[in-house]
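**Student:** Here you go, one structure.
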Amino acid sequence: MFGHLAIALTWMHRISSPPSRLIFIIILTLAALRFSKLGKRH
């Protein structure tokens, strides 16, 4: 999980345009929802 966070942070520094950053935030929220669903199963 920390590996994915590191990749996400590197992409955040790389991407500076607002549209791509918005897409990145959407991907992050989807990933967070998926992780929360997995957590509820356990």
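For what it's worth, this note's numbering labels the leading residue of the sequence shown as 68, then goes sequentially. Virtual Cβ for every residue (Gly too), placed ideally from N, Cα, C.
Between K107 and A98, what straight-line distance do the alpha-carbon atoms span, to the nearest angstrom?
**Tutor:** By one-based count along the sequence shown, residue 107 stands at place 40. By one-based count along the sequence shown, residue 98 stands at place 31. Each residue's Cα considered, the two are about 14 Å apart.
**Student:** For F91 and R81, what's the separation of their Cα atoms in angstroms?
**Tutor:** The residue given as residue 91 occupies position 24 in the sequence shown. The residue given as residue 81 occupies position 14 in the sequence shown. So the two alpha carbons sit approximately 11 Å from each other.
**Student:** Give me the Cα-Cα distance between L72 and I93, rounded to the nearest whole angstrom.
**Tutor:** Walking along the sequence shown from the start, residue 72 turns up at place 5. Walking along the sequence shown from the start, residue 93 turns up at place 26. Going from the Cα of L72 to the Cα of I93 covers about 15 Å.
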